[in-house]
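Here the structure comes first, spelled out in structure tokens, and everything after it is commentary.
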Amino acid sequence: MGGQYYLVAQLPEFTVSDDKTALPITYEYYYDLCSRFLSKGEMKILDGLSLEPPLDDSKTGSKLVDSWNYKERSLRLALAQIRALRMKKKFSAGNESVAPDAVQAARTASGMDSPLAAEQFLNQYRLGVIESMRPTDGFSVDAIFSYGLRLKLAARMKKFNAVKGMESYKKIYSRILEES
């Protein structure tokens, strides 16, 4: 546990925003730092830390990571359901339960005119989910995992480019229309 205090003390605080300010550290640096202070079991959980959770509901050993995976899976299922309805296709979430706030976020995002605005809204929702799960003990291993998720999300948000995104969107949309 003492190593976790030293680890957290080395992690610089940052804010997640859409501006172009550089992040204080990279995920690779964060991961390397964690590898020096976390146990093998905790590193195994860190290895599975992702913004794209696994399709199954397998437990990771971290309450925070399991909660994140559930919420993100819920959001993705809700978005898939909405897209399927729009395309008049059948979609089933199977036995998976979907969080009500994820359904509401998906509905709000799907009603937006701009794909970029929708993605930015969803990223703010994701950030809110991570923040709401952040443990009160800032030196716990779940706090370290929360930091990693925030760092991954911030890095992803910084990659957004409105012009390139619109070009890509138009290509994908044209391809879909050609296939129909």
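Per my numbering, the very first residue in the sequence shown carries number 12; after that it's consecutive.
The beta-carbon is built from N, C-alpha and C at its ideal position, and this holds for glycine as well.
One thing to note: Leu164 has its Cβ within 8 Å of the Cβ of Arg137. By the C-beta criterion, the region 109 to 119 is judged not to be in contact with the region 167 to 186, since fewer than 3 inter-stretch pairs fall below 8 Å. Nearest to Ser61 by alpha-carbon distance, out of Leu160, Lys175 and Lys181, is Leu160. In this structure, Ala128 lies away from Leu34, with their beta-carbon atoms at least 8 Å apart. Distance from the CA atom of Asp153 to the CA atom of Arg84, rounded to whole angstroms, is 19 Å. Here Pro64 carries a coil assignment [DSSP, helix/strand/coil]. Counted as a single uninterrupted DSSP element, the alpha helix (DSSP H) harbouring Phe48 occupies residues Tyr38 to Phe48. By the CB criterion at 8 Å, Ala110 and Lys82 fall inside the cutoff. Ile155 places its beta carbon 8 Å or farther from that of Val27. The alpha carbon of Glu24 has as its nearest neighbour, out of Ile36, Gln15 and Tyr184, the alpha carbon of Ile36. Here the alpha carbon of Lys70 sits roughly 38 Å from the alpha carbon of Arg186. Annotated as proximal: Tyr42 and Leu57, with beta-carbon spacing under 8 Å. Assigned with DSSP and collapsed to three states, Asp148 falls in coil, not helix or strand.
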